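Chemist: Sharing a structure below in structure tokens format, with a few things to ask.
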Amino acid sequence: MIGSPFILKEHTSVRFTMIKVMAALVPGTLAYAWYFGPGIWISLVWCSLLGIGFEAVALVIRGRPLQPALTDGSVLLTAWLLALSIPTLAPWWLYMTGMFFAVVVAKHLYGGLGQNLFNPAMVGYAALIISFPVFMTQWAAPTTLANIVPNLSDAFDLVFVGGSITPDAYTSATVLDSLKTATRGGHTVLDAFAQPIHGLIAGKGMELVAIMYLFGGLFMISNRLITWHIPVAFLAAIALTAGVLQGLDPAHHAGPLFHMMAGGSMLGAFFIATDPVTACTTPRGKLIFAGLAGFLTVIIRTFGGYPDGVAFSILILNTAAPFIDAFSQPRVFGHAKGVK
Amino acid sequence: MSGKVYPIPGGLHPPEHKTESNAKAIIVAPLSAHYVVPLRQHIGQPARALVKAGDSVLKGQMIGAPEGRISAAVHAPTSGRVVAVEARPVAHPSGLPDQCVVIEADGKDTAADMQPIAWRDLPPGELHQRLVNMGLAGQGGAVFPSHVKLATGGTPIETLILNGAECEPWITCDDRLMRERATEIMQGAEIMRHALGAKRILVGIEDNKPEAAQAMQSACEQLKLAAEVTAVPTRYPSGGAKQLTQLLTGLETPSGKISTDIGIQVFNVATAYALQRAVELGEPMLTRVVTITGHVAGPCNIEARLGTPIDELIRLAGGDLAETSGHVIGGPMMGFDLDDTASPLVKSVNCIIAKNQELFPPHPPAMPCIRCGQCALVCPAVLQPFELYWHAKSKNFAKARAYKLFDCIECGCCSHVCPSHIPLVDFYRFAKSEIAADDRAKLAAEGARQRHEFQLLRQEREKKEKAERLGKKASERLDTGAVAADDPEAERKKAILEAAIERARQAKEAVHAKNTESLTPDQQHQIDEIEARRQAAPQDSEQQA
Numbered sequence: 001m002i003g004s005p006f007i008l009k010e011h012t013s014v015r016f017t018m019i020k021v022m023a024a025l026v027p028g029t030l031a032y033a034w035y036f037g038p039g040i041w042i043s044l045v046w047c048s049l050l051g052i053g054f055e056a057v058a059l060v061i062r063g064r065p066l067q068p069a070l071t072d073g074s075v076l077l078t079a080w081l082l083a084l085s086i087p088t089l090a091p092w093w094l095y096m097t098g099m100f101f102a103v104v105v106a107k108h109l110y111g112g113l114g115q116n117l118f119n120p121a122m123v124g125y126a127a128l129i130i131s132f133p134v135f136m137t138q139w140a141a142p143t144t145l146a147n148i149v150p151n152l153s154d155a156f157d158l159v160f161v162g163g164s165i166t167p168d169a170y171t172s173a174t175v176l177d178s179l180k181t182a183t184r185g186g187h188t189v190l191d192a193f194a195q196p197i198h199g200l201i202a203g204k205g206m207e208l209v210a211i212m213y214l215f216g217g218l219f220m221i222s223n224r225l226i227t228w229h230i231p232v233a234f235l236a237a238i239a240l241t242a243g244v245l246q247g248l249d250p251a252h253h254a255g256p257l258f259h260m261m262a263g264g265s266m267l268g269a270f271f272i273a274t275d276p277v278t279a280c281t282t283p284r285g286k287l288i289f290a291g292l293a294g295f296l297t298v299i300i301r302t303f304g305g306y307p308d309g310v311a312f313s314i315l316i317l318n319t320a321a322p323f324i325d326a327f328s329q330p331r332v333f334g335h336a337k338g339v340k
Numbered sequence: 341m342s343g344k345v346y347p348i349p350g351g352l353h354p355p356e357h358k359t360e361s362n363a364k365a366i367i368v369a370p371l372s373a374h375y376v377v378p379l380r381q382h383i384g385q386p387a388r389a390l391v392k393a394g395d396s397v398l399k400g401q402m403i404g405a406p407e408g409r410i411s412a413a414v415h416a417p418t419s420g421r422v423v424a425v426e427a428r429p430v431a432h433p434s435g436l437p438d439q440c441v442v443i444e445a446d447g448k449d450t451a452a453d454m455q456p457i458a459w460r461d462l463p464p465g466e467l468h469q470r471l472v473n474m475g476l477a478g479q480g481g482a483v484f485p486s487h488v489k490l491a492t493g494g495t496p497i498e499t500l501i502l503n504g505a506e507c508e509p510w511i512t513c514d515d516r517l518m519r520e521r522a523t524e525i526m527q528g529a530e531i532m533r534h535a536l537g538a539k540r541i542l543v544g545i546e547d548n549k550p551e552a553a554q555a556m557q558s559a560c561e562q563l564k565l566a567a568e569v570t571a572v573p574t575r576y577p578s579g580g581a582k583q584l585t586q587l588l589t590g591l592e593t594p595s596g597k598i599s600t601d602i603g604i605q606v607f608n609v610a611t612a613y614a615l616q617r618a619v620e621l622g623e624p625m626l627t628r629v630v631t632i633t634g635h636v637a638g639p640c641n642i643e644a645r646l647g648t649p650i651d652e653l654i655r656l657a658g659g660d661l662a663e664t665s666g667h668v669i670g671g672p673m674m675g676f677d678l679d680d681t682a683s684p685l686v687k688s689v690n691c692i693i694a695k696n697q698e699l700f701p702p703h704p705p706a707m708p709c710i711r712c713g714q715c716a717l718v719c720p721a722v723l724q725p726f727e728l729y730w731h732a733k734s735k736n737f738a739k740a741r742a743y744k745l746f747d748c749i750e751c752g753c754c755s756h757v758c759p760s761h762i763p764l765v766d767f768y769r770f771a772k773s774e775i776a777a778d779d780r781a782k783l784a785a786e787g788a789r790q791r792h793e794f795q796l797l798r799q800e801r802e803k804k805e806k807a808e809r810l811g812k813k814a815s816e817r818l819d820t821g822a823v824a825a826d827d828p829e830a831e832r833k834k835a836i837l838e839a840a841i842e843r844a845r846q847a848k849e850a851v852h853a854k855n856t857e858s859l860t861p862d863q864q865h866q867i868d869e870i871e872a873r874r875q876a877a878p879q880d881s882e883q884q885a
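Chains A and B, in that order, are what the protein sequence lines are. Going by our numbering, the first sequence wraps up at 340, each residue one higher than the last. Going by our numbering, the second sequence wraps up at 885, each residue one higher than the last.
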């Protein structure tokens, strides 16, 4: 072995990468806590503890050293993404089930960091929404709409003890839920938008959280953590698909801006679809991957049984990523165009 | 003064560390007590030793002759006596010793007769013949014999590129040489241009060396040359031949080809300087400038004779500081560890860096690849390094090749930026050498198979011919009545001859049927069926079968 290069780029490590991605999540998380109450901190901490616990157990069973894997930050990022993807104030075992699927099934059964075919947080989300759909619709209401805003100790009780407050007092449907209910019930988009949960563009509070995710995403692009390809293609495909549907039937389809700002669009565009392990890696492959995922997101939202389609569309495209990569290799230096 | 710069893919900008050694003028090393001159200092065949222990040599005398087309001569760096021609430690990544001529200097430094070459009178394409024994080899790192590169061959050369990019951190020997000896370099470049029949000269220098660029520009103006000095962005690996070619001309050298194929020839500035001395002074390649830097007391550039022990050069630079943990030959991105500081300076060594823990911290343990693609962003060859790593690690060499492993120039950019600290380039080197070994083994096996089959064929043919010959001879003798009737021996001889004819006939048949002995009834049945079909088939289809 020659050993060169003898110098490595400073401040570069898997842990530092994960920390920077988590830093990009901070504005969105703060906005979330501001608009939906402090419950998010309970679920965030609980998911993190579960993540570390499950990862440690998985590593022991697999006979792998604990040290580098537990401190690389990847499991904390998974926990954070899952906590932001599912309702706060749900019972403790819901998070536990979700984290089990994310860390043990999606990550370690596939061989651990870098080996997983599917995005772990989205596997956790999908397992929960299929298994416990009722709990997954009980989102904390924006503080301005809720009858009761649980404080930190209420939130702790609700998660771990099961408090005496009825969920109706502090939860509400999301805009995607209300849109689905309205259009299914023969009402128009405007009827759905007249609901109090609807804000300026999409969900009250949630639309501002989405803007914060956007800022976090721009930070990641400027820091070269991700390239522009996936977020741009994902959001553009959402806008295009929603635009076409709205053009065909304006009364029953929400527009591009709504779909870009509602549900998990922004989180998915910048933080989920860009997961390098499970996404495409070539420039053209990223565009195809994210474009198809964005298209499927709107299709699932509009015609599917679930209110949001971000998780499923990304999971579906995860299966296609290696195939897309294989056929979208960039032209290598010195090779003629189109020659394999 | 700067010409157009074209964009190139990838690259990065590691800490430069040029100021440590680029402020001081080049120091000329004093005469050493002894020199160790390896016979292999270039790409290609090692030189053939012309001297033996006990011989006296003069400075500039050829002591190793080029062997074969791609080879370069080596010369005695000073006058003295040959003490040995033996294997000695050399500066090579393998760490293996190599054949060297060891010379004990007599201190007189008596030079052999050196004659300048009247290059202007030589038509293009002939100068290289005069340079075959001058020992010139590229000083940029590849050490390709220069006279071969100056022989234009088939493709006409439009552009001569002079490489003064010096993109690796720490190295400043070309920088100093350009600052101090720009005129000689450009004279050398003009000789190259003439030899190649090139129309123009482009000089590429990274923009972190404005003094060097200025000096080169002044030299061009002073010599009134059709040359253009261009400052290229300081972005490693701008000094790669294909990279600099694209930076200066916008042309992409096709994979598996060299720039010559697109009418461009690239030489290092130090090679142009050596050529100038060879042509104008008749002096073969005896010295080079080398940067001694890193964890030494007085980083500097030294002009030293080839064969000078490296530890002497380190002493000239003030010596290693405390806690020096080793030495790198070349730059930190593409260099290699030096095993033995007694190894001599050779034509390829442009830099010696003393390492310590602070300047060269040990690499953290490797983590799993997360396919983040940072490596792909910096790859100058537009490869997908993580895919190559994946396939190299799993020894899926066919896939690695399909992902263009052999377009990797081993610049180290991918390893440098990898957040998982994976020694990616080591995996590519491993895969390349495994594939090369595999290809050699396949070629060897194929050769052996062909030889074996030919041998069998020949043996059978000879056997058949011999049998035919004997049979013919015997029947001739019978027919001509060579055997007399009254001969008492005749009957016996006739019997012998007939037996011989019979044996010959049998041998002739046996030739065809060697592998049809001891068949199972099944096989025999199959053969019978095939034979039956063959009989039924038309004549020419049998030919094809």
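Beta carbons: idealized from backbone N, C-alpha and C, even for Gly. Since the model is a prediction, treat every value here as computed from it, not as a measurement.
Please report the residue range of the alpha helix (DSSP H) in which residue 582 (chain B) lies.
Modeler: Start and end: 581-589.
Chemist: The segment 108-119 of chain A: which residues have C-beta closer than 9 angstroms to a C-beta of chain B, in chain order?
Modeler: Cβ contacts with chain B come from 111, 112, 113, 114, 115.
Chemist: State yes or no: is the beta carbon of residue 249 (chain A) nearer than 8 angstroms to at least one beta carbon in chain B?
Modeler: False, the Cβ-Cβ gap to chain B never drops below 8 angstroms.
Chemist: Give me the residue from A:19, A:296, A:165 with the minimum Cα distance to residue 239 (chain A).
Modeler: The shortest Cα separation from residue 239 (chain A) among A:19, A:296, A:165 belongs to A:296.
Chemist: Going by DSSP, which residues form a beta bridge with residue 803 (chain B)?
Modeler: DSSP output for residue 803 (chain B) lists no bridge partner at all.
Chemist: For a contact defined as C-beta to C-beta under 8 angstroms, what are the partners of residue 329 (chain A) on chain B?
Modeler: In chain order: 724, 743.
Chemist: Apart from the five residues on each side of it in sequence, which residues of its chain come closer than 8 angstroms, Cβ to Cβ, to residue 882 (chain B)?
Modeler: Residue confidence is low: residue 882 (chain B) scores 42 on pLDDT, short of 50, so the model does not pin down where it sits. Its coordinate-derived value is still stated next. 874, listed in sequence order.
Chemist: Within 10 angstroms of its Cβ, does residue 860 (chain B) collect 16 or more other Cβ (buried), or is it exposed?
Modeler: With fewer than 16 Cβ atoms within 10 Å of its Cβ, residue 860 (chain B) is classed as exposed.
Chemist: Please report the straight-line C-alpha distance between residue 340 (chain A) and residue 427 (chain B), rounded to a whole angstrom.
Modeler: Because residue 340 (chain A) sits at a pLDDT of 43, beneath the cut-off of 50, its placement in the model cannot be relied upon, and the following sentence gives the value as read from the coordinates. Each residue's Cα considered, the two are about 46 angstroms apart.
Chemist: Kindly list, in the order they appear in chain A, the residues whose Cβ is closer than 9 angstroms to that of residue 625 (chain B).
Modeler: Going along chain A, no residue has its Cβ under 9 angstroms from residue 625 (chain B), so there is no contact; the nearest lies around 25 angstroms.
Chemist: Taking only beta carbons into account, state which residues of the segment 682-713 of chain B come closer than 9 angstroms to chain A, listed in chain order.
Modeler: If the cut-off is 9 angstroms between Cβ atoms, the segment 682-713 of chain B has 693, 695, 699, 700, 701, 703, 704, 705, 707, 708, 709, 710, 711, 712, 713 near chain A.
Chemist: Quick test of the definition: if touching needs 3 or more C-beta pairs under 8 angstroms, does the segment 404-415 of chain B touch the segment 373-387 of chain B?
Modeler: Result yes; three or more Cβ-Cβ pairs closer than 8 angstroms.
Chemist: To the nearest angstrom, report how far apart residue 548 (chain B) and residue 574 (chain B) are at their CA atoms.
Modeler: Using only the alpha carbons, I get a separation of about 6 angstroms.
Chemist: Starting from residue 545 (chain B), trace the beta strand (DSSP E) in both directions and tell me its first and last residue.
Modeler: Per DSSP, residue 545 (chain B) belongs to the beta strand (DSSP E) from 540-546.
Chemist: Residue 216 (chain A) by DSSP, collapsed to three states: which one?
Modeler: Correct three-state label for residue 216 (chain A): helix.
Chemist: Using a Cβ cut-off of 8 angstroms, pull out every chain B residue sitting near residue 7 (chain A), in sequence order please.
Modeler: Result: 354, 355, 509, 672, 673, 700, 756.
Chemist: For residue 658 (chain B) and residue 722 (chain B), what's the separation of their Cα atoms in angstroms?
Modeler: Each residue's alpha carbon lies about 42 angstroms from the other.
Chemist: Jot down the residue ranges of each uninterrupted beta strand (DSSP E) in the segment 268-319 of chain A, minimum 3 residues, whole runs only, in chain order.
Modeler: DSSP runs (the beta strand (DSSP E)) wholly in the segment 268-319 of chain A: none.
Chemist: Within 10 angstroms of its Cβ, does residue 789 (chain B) collect 16 or more other Cβ (buried), or is it exposed?
Modeler: Flag for residue 789 (chain B) reads exposed.
Chemist: If you draw a straight line from the alpha carbon of residue 72 (chain A) to that of residue 14 (chain A), how long is it in whole angstroms?
Modeler: So the alpha carbons of these two residues sit roughly 6 angstroms apart.
Chemist: Using a Cβ cut-off of 8 angstroms (strictly closer), state whether residue 590 (chain B) contacts chain A.
Modeler: Judged by the 8 angstroms Cβ criterion, residue 590 (chain B) is not in contact with chain A.
Chemist: Any C-beta of chain B sitting closer than 8 angstroms to the C-beta of residue 87 (chain A)?
Modeler: Cβ-Cβ to chain B under 8 angstroms: no for residue 87 (chain A).
Chemist: Taking residue 695 (chain B) as part of the beta strand (DSSP E), name the residues at either end of that continuous run.
Modeler: 691-695 is the extent of the beta strand (DSSP E) around residue 695 (chain B).
Chemist: Using C-beta distances below 7 angstroms, list every residue in its chain close to residue 116 (chain A), excluding the 5 sequence neighbours before and after it, in chain order.
Modeler: Hits under 7 angstroms: 106, 107, 110, 277, 278.
Chemist: Within 8 angstroms of any Cβ in chain B, is that where the Cβ of residue 334 (chain A) sits?
Modeler: Chain B contact via Cβ: present.
Chemist: For a test of the three-state rule: what should DSSP assign to residue 444 (chain B), helix, strand or coil?
Modeler: If DSSP states are grouped into helix, strand and coil, residue 444 (chain B) belongs with the strands.
Chemist: With 16 as the cutoff for other CB atoms within 10 Å, does residue 11 (chain A) come out buried or exposed?
Modeler: It counts as exposed.
Chemist: Measure how close the beta-carbons of residue 35 (chain A) and residue 188 (chain A) come, nearest whole angstrom, since I'm counting them as under 8 angstroms.
Modeler: No, residue 35 (chain A) and residue 188 (chain A) are not in contact; Cβ-Cβ is about 27 angstroms, not under 8 angstroms.
Chemist: So residue 643 (chain B) and residue 664 (chain B) are in contact, right, with Cβ under 8 angstroms, and what is the actual spacing, rounded?
Modeler: Contact flag wrong, Cβ pair sits at about 24 angstroms.
Chemist: Which of helix, strand or coil does DSSP assign to residue 474 (chain B)?
Modeler: The answer is helix: DSSP assigns residue 474 (chain B) an H, G or I state.
Chemist: What does DSSP give as the partner residues of residue 640 (chain B) in its beta bridges?
Modeler: Beta-bridge pairing links residue 640 (chain B) to B:632.
Chemist: Counting along the chain, where does the beta strand (DSSP E) carrying residue 570 (chain B) start and finish?
Modeler: It spans 567-572 - the beta strand (DSSP E) in which residue 570 (chain B) sits, taken as one unbroken run.
Chemist: My assumption, with CB atoms under 8 angstroms, is that residue 690 (chain B) sits in contact with residue 635 (chain B). Please give the rounded CB distance.
Modeler: With 8 angstroms as the limit, residue 690 (chain B) and residue 635 (chain B) do not qualify as a contact, their Cβ atoms being about 18 angstroms apart.
Chemist: In the structure shown, what three-state DSSP assignment does residue 700 (chain B) receive?
Modeler: Of the three classes helix, strand and coil, the one that applies to residue 700 (chain B) here is coil, per DSSP.
Chemist: How is residue 399 (chain B) classed by DSSP in three states: helix, strand or coil?
Modeler: Three-state DSSP puts residue 399 (chain B) in a strand.
Chemist: Let me confirm a value: residue 845 (chain B) is counted as buried when at least 16 other C-beta atoms fall within 10 Å, else exposed. Which label applies?
Modeler: Residue 845 (chain B) is exposed by the Cβ-count criterion.
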